[in-house]
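First residue of the sequence shown? That's 1 in the UniProt record's numbering, and the numbers climb one at a time after it.
The beta carbon of each residue, even a glycine, is placed where N, CA and C say it ideally should be.
If you're wondering where the values come from, they're calculated on a predicted model, not measured in any experiment.
Here is the structure we will look at.
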Amino acid sequence: MDDLTQLATKVGVLLTEKNILLATAESCTGGGVAQAVTEISGSSIWFECGFITYSNSSKSELLDISPALIAQHGSVSEEIAAAMAEGALANCEAHVALATTGIAGPLGAVPGKPVGTICFAWSMNGKTHTERLLFSGDRKSVREQTVVHALKGLLQFLS
């Protein structure tokens with residue numbers, strides 16, 4: 001069993017023990033978190049749904065994020081990550097949500113947000129925690145690191 005499978009299994013065990021459902025709202029990972037958790041047999045017990053909101057318009061349409069908020073902070077920001085997680089919870093039956101948004105590269109860097117900039121959010125019961133990290137490596141590596149950190153962060157958020 002590889003490290004990601006072990007991590008996703010730990011997430012599933014914890015969610016099952018707590019009897020809570022997970023939703024994901026993903027931009028830069030393009031469904032990678034949802035794919036990792038649904039690799040686990042029985043994940044239908046604890047995984048509700050995943051939103052892949054790659055464009056700004058899909059963030060607005062599917063997660064009810066104000067275009068003005070996106071314009072104010074940029075889609076790669078802790079504010080938008082938080083709004084994504086909160087929007088996921090508002091639009092499904094899950095109890096906890098995680099969100100990823102960032103610049104996986106090699107294109108997309110802007111001043112103050114180099115390639116590898118990733119913003120995360122975890123939300124449950126009106127409490128939202130965000131983080132901004134900078135990962136190194138190529139696009140594939142940045143996305144893989146993002147999926148792992150999103151799941152590790154979820155375990156910490158729920159502990």
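Euclidean distance between Cα positions of residue i and residue j
i: aspartate 64; j: cysteine 49; result: 16 Å
i: leucine 22; j: leucine 154; result: 10 Å
i: threonine 117; j: aspartate 138; result: 12 Å
i: alanine 109; j: alanine 8; result: 30 Å
i: valine 115; j: serine 77; result: 13 Å
i: alanine 34; j: threonine 24; result: 7 Å
i: leucine 4; j: phenylalanine 135; result: 17 Å
i: proline 106; j: serine 27; result: 16 Å
i: isoleucine 52; j: isoleucine 80; result: 14 Å
i: leucine 98; j: serine 123; result: 6 Å
i: asparagine 19; j: valine 142; result: 31 Å
i: tryptophan 46; j: threonine 16; result: 6 Å
i: serine 159; j: alanine 150; result: 14 Å
i: glycine 31; j: aspartate 2; result: 19 Å
i: glutamate 86; j: alanine 71; result: 18 Å
i: glutamate 144; j: lysine 152; result: 12 Å
Best match in the options for proximity to residue i [C-alpha to C-alpha]
i: alanine 121; options: Lys18, Asn19, Ala71 and Val147; result: Val147
i: leucine 62; options: Glu131, Ile40, Gln72 and Leu89; result: Leu89
i: methionine 84; options: Thr100, Cys92, His149 and Ala71; result: Thr100
i: glutamine 119; options: Leu151, Thr130 and Leu158; result: Here residue 119 is cysteine; the residue named in the question, glutamine, does not match the sequence. That would be Thr130, whose Cα lies nearest to the Cα of cysteine 119.
i: isoleucine 103; options: Lys127, Ser55 and Gly126; result: Ser55
i: lysine 127; options: Ala71, Ser58 and His95; result: His95
i: glutamate 157; options: Glu144, Asn125, Gln72 and Leu133; result: The amino acid at residue 157 is misidentified as glutamate; the sequence shows phenylalanine. When each option's Cα is compared against that of phenylalanine 157, the closest is Asn125.
i: serine 112; options: Leu133, Glu93 and Leu69; result: The sequence shown places glycine at residue 112, rather than the serine named in the question. Minimum Cα distance to glycine 112 is reached at Leu133.
For residue i: DSSP bridge partner residues
i: threonine 130; result: Ala121
i: glutamate 26; result: Ile52 and Thr100
i: valine 110; result: Lys113
Whole-Å CB distance - residue i paired with residue j, under 8 Å assumed
i: valine 37; j: serine 44; result: Between serine 44 and valine 37 the Cβ distance is about 10 Å, and since that is not below 8 Å, they are no contact.
i: glycine 12; j: isoleucine 40; result: 5 Å
i: serine 58; j: proline 67; result: With 8 Å as the limit, serine 58 and proline 67 do not qualify as a contact, their Cβ atoms being about 12 Å apart.
| said: As an exercise, report each continuous beta strand (DSSP E) stretch of at least 3 residues that is fully enclosed by the stretch 38–107, in chain order. | reply: 47–52 and 96–102
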